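Residue numbers (this note's numbering), protein chains in the order written: chain W, 1 to 342; chain D, 343 to 735; chain H, 736 to 900. Beta carbons: idealized from backbone N, C-alpha and C, even for Gly. These figures come from a predicted structure and were not determined experimentally.
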Amino acid sequence: MSLAPLVFSLLFVAGVIGYIAVFALLAIWLERKVSAHMQDRLGPMETGGWHGWSQTLADLMKLLLKEDIIPTAADNFLFRVAPYVVFVGSFAAWAVLPFAANLIGTNINIGVFYLVAVSSTVVIGILMAGWASNNKWAMYGAMRSAAQMVSYEIPIALSLLVPILLAGSLSMQDLVKIQAGGFWHWTVLRNFPFPFIAFVIYFWASLAEVNRTPFDIPEAESELVAGYHVEYSGMRFAMFFLSEYANMFLVSGVVTAVFLGGWHAPLPALEIAAETSALGHAITGAMWFSIKAISLVLLQMWLRWTLPRLRVDQLMHICWKVFLPFSFVNVLLVSLWAALSR
Amino acid sequence: MTEPRELNIPLGPLPSDVEDVHGERMILQMGPQHPATHGVLRIELETDGEMAVRAVPHIGYLHRCFEKVAENMQWPQIVPYTDRLDYLGSMNNALGYVLACEKLFGIEVSERVRAIRVLAAELNRVASHLVAVGTYGLDIGAWTPFLFLFQQREHILDLFDELSGSRLLYNYIWIGGLSHDLPDGWLKKVRDFLVYMQPKIPELNTLLTYNKIFLERTGKVAVLPAETAIQWGVTGPNLRGSGVKWDLRKIEPYSGYETYDFEIPTGTGEAGRVGDCFDRYVVRVREMEQSLRIVEQAVQRLERMPADDVRAAIPKTFSKVPVGEIYFRTEATKGELGFYAVSDGKSKPYRLKCRTPSFCSLSVLSKMSPGLLIADVVALVGSLDIVLGEVDR
Amino acid sequence: MTVSEIFAKLSAALPGRGLTLEEGAVEAVIRVPREALIETARRLRDESELNFDALMCLSGVDRAAELEAVYHLCSMKYRHRVTLRCVVSKDDPVIPSVCSIWPAADWHEREAWDLIGIRFAGHPDFRRILCPDDWEGHPLRKDYAVPTSYHGIPLTAQLPPENTP
Numbered sequence: 001m002s003l004a005p006l007v008f009s010l011l012f013v014a015g016v017i018g019y020i021a022v023f024a025l026l027a028i029w030l031e032r033k034v035s036a037h038m039q040d041r042l043g044p045m046e047t048g049g050w051h052g053w054s055q056t057l058a059d060l061m062k063l064l065l066k067e068d069i070i071p072t073a074a075d076n077f078l079f080r081v082a083p084y085v086v087f088v089g090s091f092a093a094w095a096v097l098p099f100a101a102n103l104i105g106t107n108i109n110i111g112v113f114y115l116v117a118v119s120s121t122v123v124i125g126i127l128m129a130g131w132a133s134n135n136k137w138a139m140y141g142a143m144r145s146a147a148q149m150v151s152y153e154i155p156i157a158l159s160l161l162v163p164i165l166l167a168g169s170l171s172m173q174d175l176v177k178i179q180a181g182g183f184w185h186w187t188v189l190r191n192f193p194f195p196f197i198a199f200v201i202y203f204w205a206s207l208a209e210v211n212r213t214p215f216d217i218p219e220a221e222s223e224l225v226a227g228y229h230v231e232y233s234g235m236r237f238a239m240f241f242l243s244e245y246a247n248m249f250l251v252s253g254v255v256t257a258v259f260l261g262g263w264h265a266p267l268p269a270l271e272i273a274a275e276t277s278a279l280g281h282a283i284t285g286a287m288w289f290s291i292k293a294i295s296l297v298l299l300q301m302w303l304r305w306t307l308p309r310l311r312v313d314q315l316m317h318i319c320w321k322v323f324l325p326f327s328f329v330n331v332l333l334v335s336l337w338a339a340l341s342r
Numbered sequence: 343m344t345e346p347r348e349l350n351i352p353l354g355p356l357p358s359d360v361e362d363v364h365g366e367r368m369i370l371q372m373g374p375q376h377p378a379t380h381g382v383l384r385i386e387l388e389t390d391g392e393m394a395v396r397a398v399p400h401i402g403y404l405h406r407c408f409e410k411v412a413e414n415m416q417w418p419q420i421v422p423y424t425d426r427l428d429y430l431g432s433m434n435n436a437l438g439y440v441l442a443c444e445k446l447f448g449i450e451v452s453e454r455v456r457a458i459r460v461l462a463a464e465l466n467r468v469a470s471h472l473v474a475v476g477t478y479g480l481d482i483g484a485w486t487p488f489l490f491l492f493q494q495r496e497h498i499l500d501l502f503d504e505l506s507g508s509r510l511l512y513n514y515i516w517i518g519g520l521s522h523d524l525p526d527g528w529l530k531k532v533r534d535f536l537v538y539m540q541p542k543i544p545e546l547n548t549l550l551t552y553n554k555i556f557l558e559r560t561g562k563v564a565v566l567p568a569e570t571a572i573q574w575g576v577t578g579p580n581l582r583g584s585g586v587k588w589d590l591r592k593i594e595p596y597s598g599y600e601t602y603d604f605e606i607p608t609g610t611g612e613a614g615r616v617g618d619c620f621d622r623y624v625v626r627v628r629e630m631e632q633s634l635r636i637v638e639q640a641v642q643r644l645e646r647m648p649a650d651d652v653r654a655a656i657p658k659t660f661s662k663v664p665v666g667e668i669y670f671r672t673e674a675t676k677g678e679l680g681f682y683a684v685s686d687g688k689s690k691p692y693r694l695k696c697r698t699p700s701f702c703s704l705s706v707l708s709k710m711s712p713g714l715l716i717a718d719v720v721a722l723v724g725s726l727d728i729v730l731g732e733v734d735r
Numbered sequence: 736m737t738v739s740e741i742f743a744k745l746s747a748a749l750p751g752r753g754l755t756l757e758e759g760a761v762e763a764v765i766r767v768p769r770e771a772l773i774e775t776a777r778r779l780r781d782e783s784e785l786n787f788d789a790l791m792c793l794s795g796v797d798r799a800a801e802l803e804a805v806y807h808l809c810s811m812k813y814r815h816r817v818t819l820r821c822v823v824s825k826d827d828p829v830i831p832s833v834c835s836i837w838p839a840a841d842w843h844e845r846e847a848w849d850l851i852g853i854r855f856a857g858h859p860d861f862r863r864i865l866c867p868d869d870w871e872g873h874p875l876r877k878d879y880a881v882p883t884s885y886h887g888i889p890l891t892a893q894l895p896p897e898n899t900p
């Protein structure tokens with residue numbers, strides 16, 4: 001029995017954890033700087049010297065050393081476990097993110113299906129956190145979040161159906177492979193306008209999945225103080241924070257893989273195919289993938305600091321009365337197109 | 343010591359644990375520490391799901407016994423205490439008190455003092471509305487306009503710092519005059535500020551006022567009919583947001599306001615219904631523009647006016663003042679600020695009652711909240727622009 | 736309308752109810768006995784030429800043996816103002832509530848009860864507003880002495896003994 005796949009998997013897991021950690025450190029710092037400059041101020045400047053680059057590290061140290069407070073009347077077990085459920089829900093979905101042709105956790109042939117299913121388990125963790133806190137405000141946040149995330153699963157799944165129909169496969173690598181050859185082959189620009197509409201709907205629906213403004217009702221600071229994680233402090237709070245950023249990258253990664261060419265370079269000349277050099281391709285593929293995904297994360301941050309937040313009924317209205325009909329019609333039209341162009 | 347007696351407090355039926363578990367109605371306490379209540383205010387919210395069935399505000403967390411203190415202080419010593427009522431609009435509070443005393447004692451001040459008072463009060467109005475509008479955006483979830491507006495407010499605070507020695511609580515307007523005259527070069531700085539501020543309100547309109555999400559969140563939400571507003575004593579931008587053109591600077595002018603050229607913006611139902619949260623908000627934005635107009639006119643006058651002693655009319659002593667009582671009201675930043683002063687001839691007031699606009703605006707909360715979603719209750723409290731320093735005194 | 740004209744109109748409408756006009760240094764005040772208060776208030780609000788639809792301020796004043804409630808009213812339509820004074824003795828400090836006529840009186844009357852100790856009969860939600868619900872005494876009374884402690888919290892300053900460095 002060959003150990004190589006097992007070793008590779010373990011290395012990949014370690015790599016992903018490392019990637020998430022580094023990305024979160026970078027993204028949190030970036031968020032603070034982006035928001036600061038958008039708000040006519042500077043953001044972290046001191047910690048570590050150059051523009052406070054190690055501010056997040058310092059915050060992490062502080063959070064680790066904080067007193068672990070659990071409310072007396074809280075459900076002890078659920079309270080402790082909730083942050084990890086939320087993190088695992090997002091972390092497990094990273095297994096099917098295609099960083100490069102030869103760099104993916106596991107190339108199962110139902111990749112997209114697995115992704116959507118596993119990332120929904122985050123809702124369970126959030127509900128656990130809200131309920132176990134024994135705090136009415138946390139309950140409100142958890143309820144709103146559950147309603148929001150569950151509702152937005154549907155436009156997400158329907159939007160993902162469009163590239164699946166075009167590729168004829170649920171596997172993530174297949175969805176990326178059909179986008180070879182330059183940015184004009186990317187799914188978002190093919191068979192215009194249907195995948196483009198799917199891209200737009202998916203992007204907005206994924207903002208709701210990640211609880212980012214304008215859909216950040218569950219954490220609406222000015223109403224619920226901090227929503228479902230109001231009772232959390234120290235490392236447990238850090239886990240929630242980490243999960244949020246991991247989730248942000250996850251949905252951006254999915255958009256990149258499915259709509260924006262994945263690990264392909266924008267121009268064919270810049271591509272290093274998997275056959276020429278496995279390591280070279282892994283590195284450049286992951287680089288292109290990360291660049292695109294991080295640009296989308298930056299876009300998410302930009303939106304957060306510009307737009308106000310929607311009220312929960314308005315959010316539901318948008319999901320059920322706008323995104324859903326559009327996605328349905330979109331899928332229908334794409335199927336017709338695919339059938340007619342056979 | 344007064345005898346303690348039976349307290350007859352009529353309490354509503356308190357929910358039993360069983361009712362809570364069945365989850366039909368929940369009682370939430372918003373506050374006293376809460377980001378959206380603009381101070382130490384506790385709102386007891388009874389909710390049915392996301393909808394508020396009843397909202398009862400509980401105040402008194404910031405009660406600092408202003409009226410009792412006033413009975414133990416000499417008339418001019420009360421001015422710093424008035425600063426601390428609505429701490430965002432100190433000049434206006436002091437102006438209201440000082441004008442009440444001047445009318446009661448029969449003191450007349452010079453034109454220069456009047457012009458400086460108007461200038462200070464209007465700059466303060468702009469600063470206060472910048473906070474109101476910025477924090478309202480924050481309540482709705484827009485993080486950025488808050489910081490832009492505070493940056494603009496910093497300029498005003500710097501101007502006041504140079505004028506009176508203090509950024510927020512000035513002790514500048516005294517009974518019979520002012521504490522000092524304008525510093526050299528200060529009027530030039532005010533002019534520079536007006537130039538700086540010129541493009542800022544259109545920028546705010548682009549960023550927040552006409553943002554689709556903001557319009558959705560505040561339009562048609564928590565409508566306050568004009569009738570209800572008048573009955574409940576709501577004044578100021580809240581009343582004007584309901585379409586009533588009522589501004590004491592025009593109705594009962596004081597300190598020379600009748601000689602300035604400015605308009606009174608009212609709510610017109612731009613976002614759906616007259617008297618909704620958007621109307622109250624947009625009235626404040628437009629009022630800022632009008633206040634800047636008044637500031638410009640005041641600066642022009644003061645540039646042409648010869649300097650004179652701003653302390654000329656201050657009485658040498660307050661140990662014997664005329665007997666009488668007066669209720670004098672002014673248009674402070676949040677509405678009608680009234681001082682009911684009773685003098686028995688001594689150096690300290692016999693009774694000083696302060697009728698603050700936020701006190702009355704907040705009282706209408708319990709009438710308006712049934713049927714609103716929680717997010718709308720937050721939007722409503724923000725649009726009423728209350729300052730707890732004023733509510734509790 | 737001036738206060739004298741308003742007073743004349745009221746006296747004509749409510750003869751023999753004890754309304755008097757007190758001249759003051761700055762403005763005149765109409766003194767209303769508590770039995771006639773509600774009717775006077777209603778007439779002031781509803782009469783076509785009076786139209787006092789806004790209660791600006793309701794204050795309580797402690798005058799040695801008596802308590803006063805002072806009402807400052809204003810008409811949005813005619814822009815005239817009037818002041819009413821209702822005096823009751825400290826032994827029986829009950830005044831009918833005008834909440835049914837001007838809802839703005841709700842919180843003002845609660846404050847007058849809380850700080851001065853005037854009971855407003857018929858108030859819909861009669862309880863203290865600024866002081867805690869179980870506070871004893873009425874702080875703005877001239878003979879008020881601050882209690883020494885509240886639920887174990889000392890309310891007077893504990894100064895250190897004379898000889899501490």
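Here W:M301 carries a helix assignment [DSSP, helix/strand/coil]. Taking the C-beta atoms as reference points, W:A138 is found nearer than 8 Å to W:G227. Leaving aside the five residues that flank D:D621 on each side, the residues in its chain whose CB is nearer than 6 Å to its CB run, in chain order, G583 and G609. The beta-carbon of H:H815 is placed no less than 8 Å from the nearest beta-carbon of chain D.
For D:S705, the C-beta contacts it makes with chain H under 9 Å involve P838, A839, D841, W842 and H843, in order along the chain. In chain order, Y682 and K695 make up the part of chain D whose C-beta sits under 7 Å from the C-beta of H:S794. The beta carbon of W:M38 sits closer than 8 Å to some beta carbon of chain D. Between D:I420 and D:Y439 a beta carbon distance of about 7 Å is seen, short of the 8 Å cut, so the two are scored as contacting. Boundaries for W:K321: no beta strand (DSSP E) harbours it, and the DSSP string shows neither H nor E there. By the 16-neighbour rule on beta-carbons within 10 angstroms, H:R814 is exposed. Residues of chain W with a Cβ closer than 8 Å to the Cβ of D:E678 do not exist, since the nearest Cβ in that chain sits about 28 Å away. Beta bridge pairing from DSSP links H:V805 with H:S794 and H:R820. Bridge pairing for D:D390: D:M393 [DSSP].
Across the stretch 394-410 of chain D, CB contacts with chain H closer than 9 Å involve V398, H400, I401, G402, H405, C407, E409 and K410, in sequence order along the chain.
Judged by their CB atoms, W:T213 and D:G519 are not nearer to each other than the 8 Å cut-off. Within the stretch 367-388 of chain D, contact with chain W at the beta-carbon level (separation under 8 Å) is assigned to M368, L370, H376, P377 and A378. Here the alpha carbons of W:G48 and W:P163 stand approximately 44 Å from one another. Per DSSP, the unbroken beta strand (DSSP E) holding H:A856 starts and ends at R854 to A856.
The way I'd put it, the stretch 806-821 of chain H does touch the stretch 751-768 of chain H; three or more beta-carbon pairs between them come closer than 8 Å. Contact of D:D734 with chain H is assigned, a C-beta pair being separated by under 8 Å. Under the 8 Å criterion on CB atoms, W:V251 is classed as non-interfacial with respect to chain D. By the neighbour-count definition (other C-beta atoms within 10 Å, threshold 16), W:Q300 is a buried residue. Counting along the chain, the unbroken alpha helix (DSSP H) around W:E209 starts and ends at F194 to E209. Between the stretch 833-849 of chain H and the stretch 773-787 of chain H there are three or more C-beta pairs closer than 8 Å, enough to call the two in contact. Comparing C-alpha distances from H:C821 to each of H:K812, H:D781 and H:I853 shows the shortest one belongs to H:I853. Of all residues in the stretch 468-485 of chain D, the ones placed with a Cβ closer than 8 Å to any Cβ belonging to chain W are G479, L480, D481, I482, G483, A484 and W485, in chain order.
Interface with chain D (8 Å Cβ-Cβ cutoff): H:D788 is included. Under a 10 Å Cβ-count criterion, H:P828 is classified as buried, with 16 or more other Cβ atoms of the shown protein chains found around its own Cβ. In the displayed model, D:T610 falls within coil according to three-state DSSP, outside both helix and strand.
In the three-state DSSP reduction, H:S884 falls in the strand class (E or B). Non-local beta-carbon contacts of W:H37 in its own chain, meaning distances under 8 Å to residues more than five positions away in sequence, involve G43 in chain order. At a cut-off of 8 Å between beta-carbon atoms, D:Y512 makes no contact with chain H. Distance check between W:P5 and each of W:I104, W:S119, W:H229 and W:N247 places W:I104 closest, using alpha-carbon atoms only. Scanning its chain for C-beta atoms nearer than 7 Å, with the 5 sequence neighbours on each side dropped, one finds around H:I864 the residues W842, R845, E846 and D849, in chain order. For D:R615, there is no enclosing alpha helix (DSSP H), as DSSP gives it neither H nor E.
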